[in-house]
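Visitor: I'd like to ask you about the structure that follows.
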Amino acid sequence: MAVHLRQIAPAEIERESFRIIGEEIGPHGFDDRTFRVVQRVIHATGDFSFKDSMRFSPGAIEAGIASIRAGKDILTDVTMVAAGIGKTLLGRWGGKVICRVGEPDIAERAKAKGLTRSELAIGDCLGENIGIIAVGNAPTALVQAIRSAAAAGPGPAPLIVGVPVGFVNAAESKALLVEQSDCYITSLGRKGGSPVAAAIVNALLRLAAEQP
0 MAVHLRQIAP AEIERESFRI IGEEIGPHGF DDRTFRVVQR VIHATGDFSF
50 KDSMRFSPGA IEAGIASIRA GKDILTDVTM VAAGIGKTLL GRWGGKVICR
100 VGEPDIAERA KAKGLTRSEL AIGDCLGENI GIIAVGNAPT ALVQAIRSAA
150 AAGPGPAPLI VGVPVGFVNA AESKALLVEQ SDCYITSLGR KGGSPVAAAI
200 VNALLRLAAE QP
């Protein structure tokens, strides 16, 4: 069977991908901003099932945009999430991406305490300038993010983008997020991962770059 590749300019590939997604996604009840986030997740994964599994707390997208525009930092559980986030665009408002999971002291302390490195790093780094916590890999990190955000005291809670992937506590940690957090974006079930977390954050960055 002959394979026929489309001839398309590099600058048009993303635009055409989004057009195809809009054409194939079918009926949905998303508002424009929510659709933009879901669309970018589907673009990153090629998986239309995220149309049905994604969940947004009321005002989550607006909270994420506000934190980005306020120069808040983004805390991630693993370096793969951090690597996928558009740092140049985030830096436009003065924010930065923070991920300490690979630091030697985190590994040593996590081993001594019987914790995962991601779990300890999230708990250590959640400070007053964290506006978004993006978890794409470790359910333990998501559970820690939920606990730390709940204990943070007065003031706006950080937006938790919680989309760990896997078979052990991934689905359960996301269900816990929906149950216990007031400010979240997630995808129910086992699917998720670092590309999904980064895609959600990048969608928020692009929305923040537009006029209110």
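According to numbering that gives the first Met the number 0, numbering within the sequence shown proceeds without interruption in unit steps and concludes at 211.
Every residue, glycine too, gets a C-beta built ideally from N, C-alpha and C.
1) Whose C-beta lies closer than 6 Å to the C-beta of residue 192 among residues of the same chain, with five residues either side of it excluded?
2) Can you list, in chain order, the residues of its chain whose CB lies under 8 Å from that of residue 212, leaving out five sequence neighbours each side?
3) Looking only at its chain, what residues have a beta carbon closer than 8 Å to the beta carbon of residue 84, apart from the 5 residues adjacent to it on each side?
4) Which residues share a DSSP beta bridge with residue 186?
5) Tell me the DSSP secondary structure of residue 150 in three-state form.
6) Take residue 160 as the anchor and find which of 166, 138 and 154 has the nearest alpha-carbon.
7) Using the rule of at least 16 other Cβ atoms within 10 Å of the residue's Cβ for burial, across every protein chain shown, is residue 158 buried or exposed?
8) Could you check where the beta strand (DSSP E) with residue 72 kicks off and where it finishes?
9) Quick test of your reading: residue 40 and residue 47, contact by CB under 8 Å. State the CB separation rounded to the nearest angstrom.
10) Who are the Cβ neighbours of residue 102 in its own chain at under 6 Å, not counting the five residues just before and after it?
11) Quick check on the burial criterion: 16 or more other C-beta atoms within 10 angstroms. Buried or exposed for residue 6?
12) Using a Cβ-Cβ cutoff of less than 7 Å, which residues in the same chain neighbour residue 15 once the five nearest sequence positions on both sides are dropped?
13) For residue 0, count neighbouring Cβ atoms within 10 angstroms of its own Cβ and tell me buried if that reaches 16, exposed if not.
14) Taking 7 Å as the limit between beta carbons, can you name the residues of its chain near residue 37, skipping five residues before and five after?
15) State the Cα-Cα distance for the pair residue 212 and residue 116, rounded to the nearest angstrom.
16) Between residue 188 and residue 131, is the Cβ-Cβ spacing less than 8 Å?
17) If you draw a straight line from the alpha carbon of residue 17 to that of residue 149, how long is it in whole angstroms?
Guide: In short, the structure shows the following:
1) Your numbering for residue 192 matches position 193 in the sequence shown. Contacts found: 135 and 164.
2) The requested residue 212 is not part of the displayed model; the chain covers only 0 to 211.
3) Numbered from 1 along the sequence shown, position 85 holds the residue referred to as residue 84. If we look at residue 84 and ignore the five residues flanking it on each side, its Cβ neighbours are 73, 75, 96, 133, 197, 200, 201 and 204.
4) Within the sequence shown, numbered from 1, the residue matching residue 186 stands at position 187. Partner(s): 53.
5) The sequence position of residue 150 within the sequence shown is 151, counting from 1. Residue 150: coil per DSSP, three-state reduction.
6) Stepping through the sequence shown from its first residue, residue 160 is reached at position 161. Considering only alpha carbons, the answer is 138.
7) For the purposes of this step, residue 158 is taken as the residue at position 159 of the sequence shown. By the 10 Å Cβ count, residue 158 comes out buried.
8) The residue labelled residue 72 in the question sits at position 73 within the sequence shown. Where residue 72 is concerned, the enclosing beta strand (DSSP E) stretches over 72–75.
9) Sequence index remark: in the sequence shown, residue 40 carries index 41 (1-based). Sequence index remark: in the sequence shown, residue 47 carries index 48 (1-based). The pair is not a contact, with the Cβ atoms about 10 Å apart (cut-off 8 Å).
10) If you number the sequence shown from 1, residue 102 lands on position 103. Counting only Cβ-Cβ distances below 6 Å, and skipping sequence neighbours, we find nothing.
11) One-based indexing of the sequence shown puts residue 6 at position 7. Its Cβ having fewer than 16 others within 10 Å, residue 6 is exposed.
12) Counting from one through the sequence shown, the residue named residue 15 turns up at place 16. Around residue 15: 7.
13) As a working mapping, residue 0 is identified with position 1 in the sequence shown. The residue is exposed, with fewer than 16 neighbouring Cβ atoms inside 10 Å.
14) Here residue 37 refers to the residue found at position 38 when the sequence shown is read from its first residue. So the list reads 29, 49, 50 and 53, once near-sequence residues are dropped.
15) This structure cannot settle anything about residue 212, because the visible part of the chain is limited to 0 through 211.
16) On the sequence shown, position 189 is the one that residue 188 refers to. On the sequence shown, position 132 is the one that residue 131 refers to. Not in contact: residue 188 and residue 131 (Cβ atoms no closer than 8 Å).
17) Sequence index remark: in the sequence shown, residue 17 carries index 18 (1-based). Sequence index remark: in the sequence shown, residue 149 carries index 150 (1-based). Residue 17 and residue 149: Cα-Cα distance of roughly 36 Å.
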